[in-house]
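Report on the structure given below.
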Amino acid sequence: MEFIKKIAIGGDHAGFEYKAELITYLTAKGYEVNDFGPYSNASCDYADFAHPLSLAVESKEYTFGILLCGSANGVAITANKHQGIRAGLAWNAEVSSLIRQHNDANVLCIPARFVTLEEAIEITNIFLSTEFEGGRHQLRVNKIPC
């Protein structure tokens with residue numbers, strides 16, 4: 096029996112439209128998705144959404160998190176302040192695959208101003224379907240926490 100992956104999703108105003116589309120897409124694919132906000136495209140502070148999402152992924156309430164903002168740098172920096180989070184910024188399918196394979200990323204950060212919606216969907220699909228390779232990469236991941 097396959098378990099349903101629970102996905103936490105959030106971001107800021109720049110990622111709002113893609114976030115809404117990804118929620119619809121992922122829900123239709125059978126994922127359980129929780130929207131951590133924002134709930135409109137009004138200007139907002141990404142940390143207000145990235146911190147609660149990161150806490151929820153860190154506590155293993157959610158399998159993965161997805162954060163979207165303009166460059167994805169702000170949400171990645173914020174998420175990575177949490178010891179149990181390995182947030183990776185992915186702007187194409189190859190990077191999305193590598194952050195899972197080599198870094199065991201548990202939060203995907205997508206730069207909404209630099210990718211198309213179709214690319215964001217592909218990046219998300221790759222991230223969610225790629226397994227961590229372990230082995231020598233596990234040794235490196237073990238050295239990440241301070």
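Remember, the working numbering sits 95 above the position in the sequence shown when you count from 1. We treat Cβ as the ideally placed atom computed from N, Cα and C, and that holds for glycine.
Alpha-carbon to alpha-carbon, residue j and residue i
i	j	result
Ala207	Arg231	32 angstroms
Tyr157	Asn129	9 angstroms
Ala137	Lys238	39 angstroms
Arg195	Leu184	11 angstroms
Ser166	Phe227	25 angstroms
Gly229	Ala123	30 angstroms
Ala145	Ile221	21 angstroms
Residue interval of the beta strand (DSSP E) (run including residue i)
i	result
Phe111	Unbroken run through Phe111 is the alpha helix (DSSP H), Phe111 to Ala123; no beta strand (DSSP E).
Gly106	Lys101 to Gly106
Val202	Val202 to Pro206
Contacting residues, own chain, Cβ-Cβ under 7 angstroms from residue i (five flanking each side not counted)
i	result
Ile180	Ser149, Val152, Glu153, Ala174, Asn201 and Val202
Pro147	Phe131
Any non-hydrogen atom of the ligand PLP closer than 6 angstroms to residue i Cβ
i	result
Trp186	Absence of the ligand PLP from the depicted structure is noted, as is the absence of any ligand whatsoever, leaving it without description.
N-terminal and C-terminal residue of the alpha helix (DSSP H) that residue i is part of
i	result
Asp143	Ala142 to Glu153
Beta-carbon contacts of residue i that lie in its chain and below 6 angstroms, excluding the five residues immediately before and after
i	result
Glu127	Ile99 and Lys101
Asp107	Cys139, Tyr141 and Cys164
Contact set for residue i: own chain, Cβ-Cβ below 8 angstroms, skip 5 residues either direction
i	result
Ile118	Ile104, Val128 and Asp130
| task | Output the residue ranges of the beta strand (DSSP E) runs that lie fully inside the region 183-236 and measure 3 residues or longer, sorted by chain position. | result | 202-206
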